[in-house]
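If you use my numbering, the sequence shown corresponds to residues 2 to 96, in order.
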Amino acid sequence: MTIAPHNPNAGVNTAASLHLCAGIENLEVLEHMSRDVDWGEEIVDYDWEVEDGAIEVPDKPGLGVEFDPEAARDHPGESKDSHSLFDAEGALKRP
């Protein structure tokens, strides 16, 4: 049986997923978002590119990317309920 991890984010999440997938013998594919927002590279410095359907695992220390918390403050994001199974109190939503 093969495995295909779901990675709906870019940047740090993709770096972590690449390292995880490097150790999975039966990896089928890594789902990922590539450059999901215009300002993503301001926050996370990563230099990988998809070539022939593959990305090389970063070889820099840690996950292989640099995170800039100051730049992240310029893009605080929005809180929203996007397909959550849980309500605001953490209880499972019932149909």
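By construction, the Cβ of each residue, glycine as well, lies at the ideal position given by its N, Cα and C atoms.
Just curious, the alpha helix (DSSP H) that serine 18 is in, first and last residue?
-> In the sequence shown, the residue the question calls residue 18 occupies position 17. Segment 13-23, the alpha helix (DSSP H) holding serine 18.
Distance between beta carbons of alanine 5 and glutamate 32, contact taken as under 8 Å | Taking the first residue of the sequence shown as position 1, residue 32 is located at position 31. Taking the first residue of the sequence shown as position 1, residue 5 is located at position 4. Rounded, the Cβ-Cβ distance is 6 Å, consistent with contact.
Compare the C-alpha of isoleucine 44 against each of Asn14, Glu29 and Asn8 and name the closest.
-> On the sequence shown, residue 44 is found 43 positions in, with the first residue counted as 1. The shortest C-alpha separation from isoleucine 44 is found at Asn14.
The alpha helix (DSSP H) with glutamate 52 in it runs from where to where?
-> Here residue 52 corresponds to residue number 51 of the sequence shown, with the count starting at 1. Where glutamate 52 is concerned, there is no enclosing alpha helix (DSSP H), given that its DSSP letter is neither H nor E.
Roughly how many angstroms separate the alpha carbons of alanine 55 and glycine 63, rounded to a whole number?
-> Within the sequence shown, numbered from 1, the residue matching residue 55 stands at position 54. Within the sequence shown, numbered from 1, the residue matching residue 63 stands at position 62. Cα-Cα distance, rounded: 20 Å.
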